[in-house]
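Peer 1: Numbering (mature numbering (1 follows the signal peptide of the UniProt record, and there is no 0)), first residue to last: -27 to -1, 1 to 401. Attaching a single structure in structure tokens format; questions to follow.
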Amino acid sequence: MLDTASKHLIAWAAALALLAMPLHATAANSTPGNELPVEDVQTFAEIFERIKRAYVDEVDDSTLLRNAMRGMLSELDPHSAYLDQEEFRSLRESTQGEFGGIGIEVGMEDGQLTVITPIDDTPASRAGLQSRDLIMRVEGQATDRMSLQEAVNLMRGEPGTELEITIQRRGEDSPREFSLTREVIRSESVRSELLEPGYGYLRVSQFQNRTGEQVRQALARMEADAPLDGLVLDLRNNPGGVLQAAVAVSDAFLDSGLIVYTEGRLADSELSFSANRDTAAPDVPLVVLINGGSASAAEIVAGALQDQRRGVVMGTESFGKGSVQQVMPLGNGDGLKLTTALYYTPNGRSIQAQGIVPDVEVVRGRLEVTESSRQLREADLEGHLRSREETRERSAASERLRDDYQLTEALNLLKALNVVNRRPSAAG
């Protein structure tokens, strides 16, 4: 039987819960679906009291309540979380594109801390970490009882400091140990170059506040001398980011039609975004590269361009994160990250736990051409006759094509599309 102090605690917990309830769910306005589960509140208070009285170490009330709030959110889904002031600041930093760490996007998959994707040109990507690697230990601490935010906080730190992590790669028996040096992660979200004359490469590594503007600038630079004959939009290992940035990138290639819409329980979570007529590259032949590390906002772009038949999606199936998180400031300076809606592509496909299936599947590989496999050509023969036509200068192909089989196949597909489109029509 509970003592007087415990009864007071139960009464306090019930009062606290009642204060948190909306007015329509109290008193005469309550309905069976909105009634406060008093027995559960009493159980909560009883557990609280027993921890206070019997736990091996003394724990203050504030810590217990914050842990309860964290648990309440973390049990909803892998992406909802309670954020203290430091975690709230860290989230804002990553959205802006600068923080100290090793450069990986992580999430929870079946209760296990998992690499969603390494960020380009960071310690994690240079060390060879891959999408879906399981992170077993961080700084010697097992991750199986860590919250997502606790793990992120542990991996971030001052530039120049060392971080030890242990990962388990799928299909391998033994774990791998990594010793990484933290850096200031200034993630430029957009990079571009010409793979060959007339064929552009646009890499979007994540979606930040200025990504849409940077994509338009990159397209303008690549088309400064001549229009592009084709473009590869590389969204592989892109963990997502800001929804509005994904809309802006899609809008750079679409001049009409729906891009994405969201559906949730509340009216303000139901949003719809469509393309504008002012479009940077409405007609450039387009191949979109995705893989298992392409998530969230990256899947929005791939899904919109696929449904609108604006480009060919190539690669492997994407990650399948199709939920919307709202970040809400709390009165005490902390924050709340809460899943409030799901994304849907223009054709009504849910991305959540489904992912985007490519139009053309090309698995990761390495393109290797040995000298012995190269066939002899007329131009290799000593004393061969030269063509009367003016010699065509062959520019060196991008170094990216040397080791990237998927990118090479994307470029080949663009060339094939151009050949088909140039086919003369039959005489009538």
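Here a beta-carbon is modelled for each residue, glycine too, at the ideal position from N, C-alpha and C.
Let me know the secondary structure DSSP gives isoleucine 24 once reduced to three states.
Peer 2: Working through the sequence shown from its first residue, we reach residue 24 at position 51. Three-state result, isoleucine 24: helix.
Peer 1: Report buried or exposed for glycine 101, applying the criterion of at least 16 other Cβ atoms within 10 angstroms of its Cβ.
Peer 2: Residue numbering aside, residue 101 sits at position 128 when the sequence shown is read from its first letter. Label assigned to glycine 101: exposed.
Peer 1: My understanding is that isoleucine 232 touches serine 223, with C-beta atoms under 8 Å, so please give their C-beta distance in whole angstroms.
Peer 2: On the sequence shown, position 259 is the one that residue 232 refers to. On the sequence shown, position 250 is the one that residue 223 refers to. About 5 Å; that satisfies the 8 Å criterion.
Peer 1: Nearest to phenylalanine 17 by CA position, among Val29, Asp33, Met45, Phe61, is which residue?
Peer 2: If you number the sequence shown from 1, residue 17 lands on position 44. If we check each option's Cα against that of phenylalanine 17, Met45 comes out closest.
Peer 1: In this structure, does DSSP put lysine 310 in helix, strand or coil?
Peer 2: Within the sequence shown, residue 310 is the residue found at index 337, counting from 1. Reduced to three states, the DSSP call for lysine 310 is strand.
Peer 1: Using a 10 Å radius around the Cβ and a threshold of 16 neighbouring Cβ atoms, would you call glycine 133 buried or exposed?
Peer 2: By 1-based counting over the sequence shown, the position of residue 133 is 160. That one is exposed.
Peer 1: Are aspartate 280 and threonine 318 close, meaning C-beta to C-beta below 8 Å?
Peer 2: As a working note, residue 280 is residue 307 in the sequence shown. As a working note, residue 318 is residue 345 in the sequence shown. In this structure, threonine 318 lies closer than 8 Å to aspartate 280 by Cβ.
Peer 1: Closest to glutamate 186 by C-alpha separation, out of Leu201, Asp202, Arg283, Ser162, would be which residue?
Peer 2: Taking the first residue of the sequence shown as position 1, residue 186 is located at position 213. The shortest C-alpha separation from glutamate 186 is found at Ser162.
Peer 1: What are the uninterrupted segments assigned as alpha helix (DSSP H) that are 4 or more residues long and contained completely in the region 264 to 338, given in chain order?
Peer 2: Those alpha helix (DSSP H) runs which fall completely within the region 264 to 338 and span 4+ residues are 270 to 280.
Peer 1: Going by DSSP in three states, methionine 195 sits in which element: helix, strand or coil?
Peer 2: Numbered from its first residue, the sequence shown carries residue 195 at position 222. In the structure shown, methionine 195 sits in a helix (DSSP, three-state: H, G or I).
Peer 1: Compare the C-alpha of valine 215 against each of Ala225, Arg149, Val274 and name the closest.
Peer 2: Position 242 of the sequence shown holds residue 215. The shortest C-alpha separation from valine 215 is found at Val274.
Peer 1: Does the Cβ of glutamate 372 have 16 or more other Cβ atoms within 10 Å, making it buried, or fewer, making it exposed?
Peer 2: Position 399 of the sequence shown, counted from the first residue, corresponds to residue 372. When all chains shown are included, glutamate 372 counts as exposed.
Peer 1: For aspartate 83, count the other beta carbons within 10 Å of its own beta carbon; 16 or more makes it buried, fewer makes it exposed. Which is it?
Peer 2: For the purposes of this step, residue 83 is identified with residue 110 of the sequence shown, where counting begins at 1. The residue in question, aspartate 83, is exposed, as its Cβ has fewer than 16 Cβ neighbours within 10 Å.
Peer 1: According to DSSP, what are the bridge partners of phenylalanine 151?
Peer 2: Start at 1 with the first residue of the sequence shown, and residue 151 comes out as number 178. Answer by DSSP bridge pairing, in chain order: Ile138.
Peer 1: Compare the Cα-Cα distances from valine 88 to each of Ile140, Ala197, Arg250 and report the closest residue.
Peer 2: By one-based count along the sequence shown, residue 88 stands at place 115. Valine 88 has its Cα closest to that of Ile140, out of Ile140, Ala197, Arg250.
Peer 1: Three or more C-beta pairs closer than 8 Å, one from the region 46 to 66 and one from the region 105 to 113: is that the case here?
Peer 2: They do not touch, by the three-pair rule.
Peer 1: Using a Cβ distance threshold of 8 Å, determine whether the region 190 to 205 contacts the region 165 to 181, with at least three qualifying pairs required.
Peer 2: These segments touch.
Peer 1: When you compare the region 73 to 80 with the region 123 to 138, are there three or more beta-carbon pairs, one atom per stretch, that lie closer than 8 Å?
Peer 2: Output reads yes: the region 123 to 138 touches the region 73 to 80.
Peer 1: Inspect the CB distances between the region 381 to 388 and the region 257 to 265 and report whether three or more fall short of 8 Å.
Peer 2: Yes: the two stretches touch, three or more of their Cβ pairs being nearer than 8 Å.
Peer 1: Can you name the start and end residues of the alpha helix (DSSP H) that glycine 203 belongs to?
Peer 2: Working through the sequence shown from its first residue, we reach residue 203 at position 230. It is not in any alpha helix (DSSP H) - glycine 203 instead sits in the beta strand (DSSP E) that spans 203 to 207.
Peer 1: Please tell me whether methionine 287 and aspartate 256 are closer than 8 Å, where the distance is taken between their beta carbons.
Peer 2: Taking the first residue of the sequence shown as 1, we reach residue 287 at position 314. Taking the first residue of the sequence shown as 1, we reach residue 256 at position 283. No, these two residues do not count as a Cβ contact at 8 Å.
Peer 1: Once the 5 residues before and after threonine 252 are set aside, which same chain residues still bring their CB inside 6 Å of it?
Peer 2: Indexing the sequence shown from 1 puts residue 252 at position 279. So the qualifying residues of the chain are Asp228.
Peer 1: Exposed or buried, what is glycine 306 when buried is set at 16 or more other beta-carbons lying within 10 Å of its beta-carbon?
Peer 2: Locating residue 306 in the sequence shown gives position 333, counting from the first residue. The residue is exposed, with fewer than 16 neighbouring Cβ atoms inside 10 Å.
Peer 1: Please tell me whether alanine 193 and serine 165 are closer than 8 Å, where the distance is taken between their beta carbons.
Peer 2: By one-based count along the sequence shown, residue 193 stands at place 220. By one-based count along the sequence shown, residue 165 stands at place 192. For alanine 193 and serine 165, no; Cβs fall outside 8 Å.
Peer 1: If you measure from the CB of leucine 38, is any heavy atom of the ligand NAD nearer than 7 Å?
Peer 2: For the structure depicted, the ligand NAD is absent and the ligand set is empty, with no information on it obtainable.
Peer 1: Between the C-alpha atoms of alanine 41 and glutamate 272, what's the straight-line distance to the nearest angstrom?
Peer 2: Taking the sequence shown and counting its residues from 1, one reaches residue 41 at position 68. Taking the sequence shown and counting its residues from 1, one reaches residue 272 at position 299. Answer to the nearest angstrom: the Cα atoms are 33 Å apart.
Peer 1: Compute the Euclidean distance between the alpha carbons of leucine 56 and leucine 37, then round it to the nearest angstrom.
Peer 2: Within the sequence shown, numbered from 1, the residue matching residue 56 stands at position 83. Within the sequence shown, numbered from 1, the residue matching residue 37 stands at position 64. Straight-line Cα distance between these residues: approximately 15 Å.
Peer 1: Given a cut-off of 8 Å on the beta-carbon distance, is the pair leucine 311 and leucine 303 in contact?
Peer 2: Counting from one through the sequence shown, the residue named residue 311 turns up at place 338. Counting from one through the sequence shown, the residue named residue 303 turns up at place 330. No; because the gap between Cβ atoms is not below 8 Å, this pair is not in contact.
Peer 1: Quick check: valine 79 and valine 125, are their CB atoms within less than 8 Å of each other?
Peer 2: Here residue 79 corresponds to residue number 106 of the sequence shown, with the count starting at 1. Here residue 125 corresponds to residue number 152 of the sequence shown, with the count starting at 1. Yes; because the gap between Cβ atoms is below 8 Å, this pair is in contact.
Peer 1: Could you give the DSSP three-state label for proline 212: helix, strand or coil?
Peer 2: To locate residue 212, count along the sequence shown from 1; it is residue 239. Reduced to three states, the DSSP call for proline 212 is coil.
Peer 1: Could I get the ranges of all uninterrupted alpha helix (DSSP H) runs contained in the region 60 to 126, with 4 residues as the minimum, in chain order?
Peer 2: Correct list: 96 to 100.
Peer 1: Rounded to the nearest angstrom, what separates glutamate 341 and aspartate 94 at their Cα positions?
Peer 2: On the sequence shown, position 368 is the one that residue 341 refers to. On the sequence shown, position 121 is the one that residue 94 refers to. Its pLDDT being 42, under 50, glutamate 341 is placed unreliably in this model, and the coordinates cannot settle the point.
Peer 1: Please state the DSSP three-state secondary structure of alanine 32.
Peer 2: To locate residue 32, count along the sequence shown from 1; it is residue 59. The residue you asked about is not alanine; residue 32 is valine in the sequence shown. Correct three-state label for valine 32: coil.
Peer 1: Valine 231 lies in the beta strand (DSSP E); which residues open and close that run?
Peer 2: Indexing the sequence shown from 1 puts residue 231 at position 258. It is worth fixing the name first, because residue 231 is leucine in this sequence and not valine. Note, leucine 231: beta strand (DSSP E), 231 to 237.
Peer 1: Looking at glycine 265: is its Cβ nearer than 8 Å to the Cβ of glutamate 290?
Peer 2: Numbered from its first residue, the sequence shown carries residue 265 at position 292. Numbered from its first residue, the sequence shown carries residue 290 at position 317. Yes. Within cutoff.
Peer 1: Are the Cβ atoms of serine 269 and proline 212 separated by less than 8 Å?
Peer 2: By one-based count along the sequence shown, residue 269 stands at place 296. By one-based count along the sequence shown, residue 212 stands at place 239. Result yes, Cβ atoms of serine 269 and proline 212 sit closer than 8 Å.
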